[in-house]
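> Before we start, here is the structure in question, set down as structure tokens.
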Amino acid sequence: MAVSGLIMLGYLVAHVAGNLKVFFGPEEFNAYGHWLRVMGAPVLHHHWALWIVRIVLLAVVVAHAVSAYQLSRRDLKARPTAYVHRRKRASYATRTMRWGGIILGLFIVWHLLDLTTGTLHPGGFEEGKPYQNVVDTFSTWYGNVVYIVAMLALGLHVRHGFWSAAQTLGVGNARRERLLKLLANTLALVLTAGFVSVPVAVMTGVVS
Amino acid sequence: MRLNLRVWRQKNGGSEGAMATYAVDGISPDMSFLEMLDTLNEDLILRGEDPVAFDHDCREGICGACSLVINGDAHGPERTTTCQLHMRSFRDGDTIDVEPWRASAFPVVKDLVVDRSAFDRVIQAGGYITATTGSAPEAHATPVPKADADSAFEHAECIGCGACVAACPNGSAMLFTSAKINHLNVLPQGSPERETRVLDMVAQMDAEGFGGCTLTGECATACPKGIPLPSIAAMNREWLRARRKVKG
Ligand code: HEM
Ligand code: SF4
Ligand code: FES
Chain A
133 MAVSGLIMLG
143 YLVAHVAGNL
153 KVFFGPEEFN
163 AYGHWLRVMG
173 APVLHHHWAL
183 WIVRIVLLAV
193 VVAHAVSAYQ
203 LSRRDLKARP
213 TAYVHRRKRA
223 SYATRTMRWG
233 GIILGLFIVW
243 HLLDLTTGTL
253 HPGGFEEGKP
263 YQNVVDTFST
273 WYGNVVYIVA
283 MLALGLHVRH
293 GFWSAAQTLG
303 VGNARRERLL
313 KLLANTLALV
323 LTAGFVSVPV
333 AVMTGVVS
Chain B
10 MRLNLRVWRQ
20 KNGGSEGAMA
30 TYAVDGISPD
40 MSFLEMLDTL
50 NEDLILRGED
60 PVAFDHDCRE
70 GICGACSLVI
80 NGDAHGPERT
90 TTCQLHMRSF
100 RDGDTIDVEP
110 WRASAFPVVK
120 DLVVDRSAFD
130 RVIQAGGYIT
140 ATTGSAPEAH
150 ATPVPKADAD
160 SAFEHAECIG
170 CGACVAACPN
180 GSAMLFTSAK
190 INHLNVLPQG
200 SPERETRVLD
210 MVAQMDAEGF
220 GGCTLTGECA
230 TACPKGIPLP
240 SIAAMNREWL
250 RARRKVKG
């Protein structure tokens, strides 16, 4: 859970930084998209580095989902009877880890079909023209809604997940508690704000 | 005070249980929660009914025997044991729900009594502590840094009541086990078995069917002895360290 989550988190930090290049115009954003394909050259053949990243990410997403399933099954089995007197438990981010994770999993599938393969893309999807593709997606109302909802779910997942992973790996202690919580909240906020800024920019015409 | 109680009644481990409603009158705000239940039981006995079974022993907050989920909170609304909870925490006319600890590792024996021997087996899995018996050792023979002594003492306060498991939505025993492990693992006296202790106790905890930890923090909020949440991270650190040492 913790290791796979942290690897994804590392990827997301790089991903949000890359996405923000959209604000520097189509040339720079498309050139960045091209670089992702030649990254590692000339040591590696074209696309190889990209495929390595993709394979690692796929393995990590599967590992994360499988361990989430196993953990959830174990936890539900350990507490088969609910209390008659119910009350709200834990924070919102903590309570929504399972549903938030499922939303993120579905989002990842839609996101790949939309902007990587172009299968579900609205308008003419063109490889090598990511700038236009992004503008097309965020010119539809559902593109914006799906994306923004998923990014809010991501923020919540990271808020509890990052701090939780630190405890799992034994990094937390009483003195670091506040620092770790601050770091988790900062990461969650930066990722969510960074990702959401792109559809907002398209909606307001800053990026077109 | 006059109260309306809704209490979990269950004949034995094999039977189905249900909440039953009782009215109790003449409760003083200075009574403890258990004395209030004693009053109810006296009434029930006089009426020829089966009294409500609940665990208790010291009634002074040190043994860990008492165990009730009161209005959804393990040990009730105050941060103390049920025996140290007083009726002044409630208001005249209140309806109070009383339920047993809920976890598959703590099966209900009767009414509000659950079997917590899973905790005993986790403690047993920790094994012995290498220490010479006989006359008390010279107090200065083994120096212990102040911070370590404080930490050991803080964790030694755990009374094994199981409120952490009862409060955890995953029925996890991480807080209890971490209290036991940190108590001994920070001390020089506990260091000969430092690795086997954490590995064996965690393995036993898993074997007992306690749930996995998702760091909800409910355990530390419920703990009457204030065992802090970071103790779980400290146990994970001990476990990872022991795995590296035993393997490498
Ligand atoms: C396939 C989609 C996903 C599913 C089904 C999923 C589900 C889960 C579940 C059930 C947990 C444990 C619940 C808990 O601790 O309360 C968890 C923890 C976590 N998740 Fe995810 N998640 C997904 C995607 C992600 C993504 C994209 C990230 C990257 C930011 C991530 C990062 C984490 C981290 C760091 C943890 C904490 C691990 C720990 O407690 O040690 N997850 N996830
Ligand atoms: S850690 Fe606290 S709640 Fe858990 S058994 Fe020990 S004293 Fe009770
Ligand atoms: S009866 Fe001993 S702690 Fe409550």
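Residue numbers (our numbering), protein chains in the order written: chain A, 133 to 340; chain B, 10 to 257. Every residue gets a Cβ at the ideal spot worked out from N, C-alpha and C, and that includes glycine.
Restricting to Cα atoms, I'd like to know which of N245/B, C232/B and E25/B is closest to G85/B.
Ranking the options by Cα distance to G85/B, first place goes to C232/B.
> According to DSSP, which residues form a beta bridge with V122/B?
Per DSSP, K119/B.
> Kindly indicate which three-state DSSP category E8/B falls into: helix, strand or coil?
Lying outside 10 to 257, the shown extent of chain B, residue 8/B is not represented and no answer is given.
> When burial is assigned at 16 or more other CB atoms within 10 Å of the CB, is S391/A buried or exposed?
Residue 391/A lies beyond the range of chain A shown here (133 to 340); nothing can be said about it.
> So that I know if they touch, is there some Cβ in chain B lying closer than 8 Å to that of N265/A?
No, its Cβ sits nowhere closer than 8 Å to a Cβ of chain B.
> Given F42/B, which residues of its chain have a CB within under 8 Å of its CB, disregarding the five upstream and five downstream residues?
If we look at F42/B and ignore the five residues flanking it on each side, its Cβ neighbours are L77, I79, G85, T91, C92, L94, H95 and M96.
> Examine chain B for any beta-carbon lying closer than 8 Å to the beta-carbon of T336/A, and answer yes or no.
Cβ-Cβ to chain B under 8 Å: no for T336/A.
> M258/B by DSSP, collapsed to three states: which one?
Because residue 258/B is not part of the residues shown, which for chain B are 10 to 257, the question remains open.
> So is Y215/A buried or exposed if we call it buried at 16+ other beta carbons inside 10 Å?
Y215/A comes out buried.
> Is it buried or exposed, W183/A, if we count other Cβ atoms within 10 angstroms and call 16 or more buried?
W183/A is exposed by the Cβ-count criterion.
> Give the interface partners of N305/A over in chain B, defined as CB-CB distance under 7 Å, in chain order.
The contacting residues are P239, A242 and A243.
> Using DSSP with H/G/I as helix, E/B as strand and the rest coil, what is I79/B?
DSSP places I79/B in strand when its eight states are reduced to three.
> Start and end of the alpha helix (DSSP H) containing Y164/A?
First-last of the alpha helix (DSSP H) with Y164/A: P158 to V170.
> Residues of chain A with a CB under 8 Å from the CB of P178/B: which are they?
Those are D207, R211, R221 and A222, listed as they occur along chain A.
> Per DSSP, what are the beta-bridge partners of R15/B in this structure?
T30/B and D106/B.
> Any contact of the region 152-160 of chain A with the region 207-223 of chain A, i.e. 3+ C-beta pairs under 8 Å?
No, the region 152-160 of chain A is not in contact with the region 207-223 of chain A.
> Using the C-alpha atoms, what's the distance from A229/B back to P237/B?
For P237/B and A229/B, the distance between alpha carbons rounds to 6 Å.
> Mind listing which residues of the region 292-303 of chain A have their C-beta closer than 8 Å to chain B's C-betas, in chain order?
Flagged, chain order: H292, W295, S296, A298, Q299, T300, L301, G302 and V303.
> Where does S187/B sit, in a helix, a strand or coil, going by DSSP?
Helix at S187/B.
> Where does A134/A land, buried or exposed, given buried means 16+ other C-beta within 10 angstroms?
It is buried - the Cβ of A134/A has at least 16 other Cβ atoms within 10 Å.
> Taking the alpha carbon of A150/B as the reference point, which residue from C173/B, A175/B, P197/B and G171/B has its own alpha carbon closest?
Checked all of C173/B, A175/B, P197/B and G171/B; the closest Cα to A150/B is P197/B.
> What three-state label does DSSP hand H306/B in the structure shown?
Nothing in the structure corresponds to residue 306/B, since chain B is present only between 10 and 257.
> Can you list, in chain order, the residues of its chain with a C-beta nearer than 6 Å to that of A29/B? Leave out the 5 residues immediately preceding and following it.
Same-chain partners within the cutoff: V16 and R18.
> From P331/A to L238/A, what does the alpha carbon distance come to, in whole angstroms?
Approximately 19 Å, taken between the alpha carbons.
> Can you say whether N13/B is buried or exposed, counting buried as having 16 or more other CB atoms within 10 angstroms of its CB?
Result: exposed.
> I'd like to know whether the C-beta of M229/A is nearer than 8 Å to at least one C-beta of chain B.
Output row for M229/A: interface = yes.
> Nearest-angstrom Cα distance between G143/B and P154/B?
Distance between the alpha carbons of G143/B and P154/B: 25 Å.
> With a 10 Å radius around its C-beta and 16 neighbouring C-beta atoms as the bar for buried, classify K3/B as buried or exposed.
Absent from the structure is residue 3/B, since the part of chain B shown begins at 10 and ends at 257.
> Where DSSP assigns a beta bridge to H95/B, which residues make up the other side?
Beta-bridge pairing links H95/B to S41/B.
> Indicate whether at least one CB of chain A lies closer than 8 Å to the CB of V153/B.
Output row for V153/B: interface = no.
> Work out the CA separation of V241/A and N21/B for me, nearest whole Å.
So the two alpha carbons sit approximately 50 Å from each other.
> Fully enclosed by the region 172-243 of chain A, which beta strand (DSSP E) runs are 3 residues long or longer?
DSSP runs (the beta strand (DSSP E)) wholly in the region 172-243 of chain A: none.
> Residues in the region 110-125 of chain B with C-beta within 8 Å of chain A's C-beta atoms, listed in sequence order?
Listed by position along the chain: R111, A112, S113 and A114.
> How many Å lie between A225/A and R219/A at the Cα?
So the alpha carbons of these two residues sit roughly 16 Å apart.
> Decide if S181/B is buried, meaning its Cβ has at least 16 other Cβ atoms within 10 Å, or exposed.
Buried, since its Cβ has 16 or more Cβ neighbours within 10 Å.
> Consider the C-beta atom of R11/B and the heavy atoms of the ligand FES; say whether any pair is separated by less than 7 Å.
Outside the cutoff, so no.
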